[in-house]
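Asker: Starting off with a structure, shown below.
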Amino acid sequence: MRLKTRKKMRYWGGLLTTAMFLPFLCVQPSMADWSANFTPPDAPDGTLVIDLPDDLDVVTLTQLGVELDGIDITSLLSLDGVDFIYKPLQALDGNEHTLKLVTLNPDGSSEVRQQWNFNVGHAESSDGNISDLTENSPEIEMAERLLRSAYFRADTLTEFSRRVVQQNIGHETNRSTLSGSGDINTGFAAGKWTVDGHANYLVQSDVDFAQTERTIDLGEYDINADYQGDSVVGGMSLGHHDTGLETLLVSDFYRRGVSARLGTSNRRIEAQGFAFGTESVSGAADPTGLNNTENRLKGVSLAVKPFSTDVDALKLTGTYYDGRGEGSGIGLSDLDSSASGSGWGVGLEKSFGQNRTRLKAQYAHALFDQDGDNGDAPKDGSDAISFLIEHGLFEEGPVIGNDVLDIDVGFGYDRVDTFFESLANPGLVSDRDAYSAYSNLYWGALSANIYALHETNNVDDLANVPTDRLKSIDLGLNYTFDQQTGLMEWLGTPYIFMNSYLASLGRVKTPTGYDGGDTDNLSSSITLGGGSNYDDWYWSASHSYSRFDDYTNVSSDTVNNLTGFNVGWIVSDRLDVNGGTQFGVFEDLDTNKNSFTTNLYLGATAELVPDKVDLNIDYNLNLANGSGDSSDSHIVNSEVEWTFLQPRTNRPGLALALRGSMEEFNGNTDSAQNETEYQAYMVLRVKAPFSLSY
């Protein structure tokens, strides 16, 4: 997408504010009345254009989505100014089509804002069938018949910066640097194949600060090729990607590697083979991620629906992997050792009542040697099982107060051996025997959830290891009121939320002769908050209270209070301001010592000269006092940018900027630090968006 510079700054400024003031809930102002115009395509492969108002702000823009014939195409849109542009990946047929402009709600739902029905004239399809081509067909004609669509999009930013002033900068950097980045998307559809690719690159002339210690290098990339046949589907992926498997052995494993998949078009049989590096890598030095044999794993999976292809049909999945990766564990003498691991597992999935009730069960057996075949540590064989059942209480939820009530519940059981470990699922927590239950409720603008857990450790009943028990419960609640009108219009569109948890950790069994401390503590927390949205401003506030009580007196009992307030105001088309504050009090109940923290943030983005000069400035104040006092700090970051050539699609833009930062420390009784650091840069910026499509 290509956004005007001013609106980019406004959008990112809002994100920075939100990130700095978690757990505040920051939502954008509600959208005012406006309408869009739609220009239908003049040919089956023509471009669809949604003409949005020129003064539409980026906050509203990020709340919009587009659906074509019931399919979400938002991620495929390009942006010309504030107009949505869509180039169909394949020619539209001559039937009636429906295009919807929708508003995206915070809870993930959407509402139709405008809708258009349109037809396109019949035209000779550019789809080709290889069997229709003869050896006597000219190559150009063959390519045209096979190639259905193609696209190329790139957003690039290159900066030359020169530091013009500095004081007390503690790190040595080059005074002049060339830096930048680019994001590239490309692909084509030919016959029954669709190929898509994505990559980004980084430029940094100061190699000490380059991610790969190279001036220009590849960041992350992926290439995906998919084949859609009448009876067979398949494809392959190269680069950074995930297998899509969610098993005890392979899960959330996003790495650089290669995978291939093959199956039937009705998804009755789905097979996959994969090979990945076990470490996260970037750069072009290892394009496949498989160059290092000491950090590589490979595996296969097979999923079969043996009896039916219905949505509720039984599905069986088998997985196997083996590989080598970075060694880990206590007492390793060789820190450069390479661990070896392998494992196999089976899974079962079954639904009932059109997915109303879902059952999932898994078993996995793993072999893991933390220091490899040549080390002294033994190879551990271990098991893990997982069981989950989910159920929706209503086939058709009852209507209460004009809103449909929907409730689902779930129950789970997990048992993972003490030494269970998989190189392809590093996030799995081992040594636990856990029962869990949850429920989610949705009723109009109200959503609530509850999660309960009962867990014990020392699953293998090791004689020298204590057995502890964790019992916890989490509760969440969110409600958004309707936009207020009449005498209550001053309330805007208010909302409230609540999150809380209670966790008790206790000792079940202590081994004879155990020298460690006992375990008996209670943790609790509750956060209450709310806010409201208006046409051009918003506010939110929250308070969190948390307490820790250790009944064994091994550690201190503590209480922590955190209060915050956040506000944002769109003053005009050319000025946005936002800010917030947090105040915290941390109490040590055993020593009667208290610590106080105060954080203040103020920010503004302004268009000083329309489409020419933009200003972005933010200020942070961090104060700490009481017990364990530390230096106060004042941080200012700002930039003024003069764009003397606006970027357009396939035409670079040029801008000159002055960027600076200042950080001041004020020492006090416990810290003698008292200094001011600052630096300023002159920046020449080249923005170059490119877009081509066929």
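In the numbering used here, the protein residues as written are 39 to 732.
No residue lacks a Cβ here, since even glycine has one placed at the ideal position from N, Cα and C.
#1: Between residue 136 and residue 441, what straight-line distance do the alpha-carbon atoms span, to the nearest angstrom?
#2: Relative to the C-alpha of residue 251, which residue among 516, 268, 217 is closest?
#3: Which of helix, strand or coil does DSSP assign to residue 219?
#4: Where do the ends of the beta strand (DSSP E) carrying residue 358 lie?
#5: Tell me which same chain residues have a C-beta within less than 7 Å of the C-beta of residue 200, skipping the five on either side of it?
#6: Pick out whichever of 350, 650, 106, 562 has its Cα sitting closest to the Cα of residue 695.
#7: Please classify residue 288 as buried or exposed, where buried requires at least 16 neighbouring CB atoms within 10 angstroms.
#8: Tell me the start and end of each unbroken beta strand (DSSP E) in the region 563–615 that is at least 3 residues and wholly inside, in chain order.
#9: In the DSSP output, what is residue 13 paired with across the bridge?
#10: Can you list, in chain order, the residues of its chain whose CB lies under 6 Å from that of residue 446, leaving out five sequence neighbours each side?
#11: By the 10 Å Cβ neighbour count, where 16 or more other Cβ atoms means buried, how is residue 73 classified, buried or exposed?
#12: With a cut-off of 8 Å on the beta carbons, I'd call residue 320 and residue 257 a contact; round off their distance for me.
#13: If I measure Cβ to Cβ from residue 473 and keep anything under 7 Å in the same chain, skipping five residues before and after, which residues do I get?
#14: Mind pulling the alpha helix (DSSP H) runs of 4 or more residues that sit fully within the region 444–503?
#15: Less than 7 Å between C-beta atoms, sequence neighbours within five positions excluded: which residues of the same chain meet that for residue 107?
#16: Report the three-state DSSP secondary structure of residue 267 (helix, strand or coil).
#17: Could you compute how far the alpha carbon of residue 275 sits from the alpha carbon of residue 310?
#18: I need the DSSP call for residue 316, collapsed to helix, strand or coil.
#19: If you draw a straight line from the C-alpha of residue 432 to the C-alpha of residue 342, how long is it?
#20: So which of 455, 516, 457 has the shortest CA-CA distance to residue 483?
#21: Would you identify the three-state DSSP class for residue 381, choosing helix, strand or coil?
#22: What does the alpha-carbon distance come out to for the pair residue 550 and residue 502?
#23: How is residue 731 classed by DSSP in three states: helix, strand or coil?
#24: Judging by CA-CA distance, which residue of 647, 662, 347 is the nearest neighbour of residue 392?
#25: Taking residue 464 as the reference, give the member of 520, 364, 395, 533 with the closest Cα.
#26: In whole angstroms, what separates the C-alpha of residue 400 from that of residue 422?
#27: So what does DSSP say about residue 518, is it helix, strand or coil?
#28: Is DSSP giving residue 132 helix, strand or coil here?
#29: Which residues in the same chain have their Cβ closer than 6 Å to the Cβ of residue 323, if we skip the five residues on either side of it in sequence?
#30: In the DSSP assignment, find the beta strand (DSSP E) that holds residue 230 and state where it starts and stops.
#31: Below 8 Å, can you find three or more Cβ-Cβ pairs linking the region 257–269 to the region 228–245?
#32: Tell me the DSSP secondary structure of residue 113 in three-state form.
#33: Here's the rule: buried if 16 or more other CB atoms are within 10 angstroms of the residue's CB, otherwise exposed. What is residue 787?
#34: Thinking residue 94 and residue 124 are a contact (beta carbons under 8 Å), I'd like their distance in whole angstroms, please.
#35: Please state whether the Cβ-Cβ distance between residue 404 and residue 291 is less than 8 Å.
#36: With DSSP run on the structure shown, which of helix, strand or coil describes residue 441?
Answerer: If we stick to the structure as given:
#1: 27 Å
#2: 217
#3: strand
#4: In the DSSP annotation of this structure, the continuous segment of the beta strand (DSSP E) that includes residue 358 starts and ends at 353–364.
#5: 213, 214, 719, 720
#6: The option with the nearest alpha carbon to residue 695 is 650.
#7: buried
#8: 575–588, 596–610
#9: It is not possible to answer for residue 13, since the shown part of the chain is limited to 39 through 732.
#10: 430, 478
#11: exposed
#12: 5 Å
#13: 451, 492
#14: none
#15: Result list for residue 107: 135, 136, in chain order.
#16: coil
#17: Cα atoms of residue 275 and residue 310: separation of roughly 11 Å, rounded to the nearest angstrom.
#18: coil
#19: Approximately 30 Å between the Cα atoms of the pair.
#20: Residue 483 has its Cα closest to that of 516, out of 455, 516, 457.
#21: strand
#22: 8 Å
#23: strand
#24: 347
#25: 364
#26: 8 Å
#27: strand
#28: Here residue 132 sits in coil by DSSP.
#29: If we look at residue 323 and ignore the five residues flanking it on each side, it has no Cβ neighbours.
#30: From DSSP, residue 230 is part of no beta strand (DSSP E); its letter is neither H nor E.
#31: Yes: the two stretches touch, three or more of their Cβ pairs being nearer than 8 Å.
#32: helix
#33: In the structure displayed, the chain extends from 39 to 732; residue 787 sits before or after that span and is not available.
#34: So it is not a contact: roughly 17 Å between Cβ atoms.
#35: no
#36: For residue 441, the three-state secondary structure derived from DSSP is strand.
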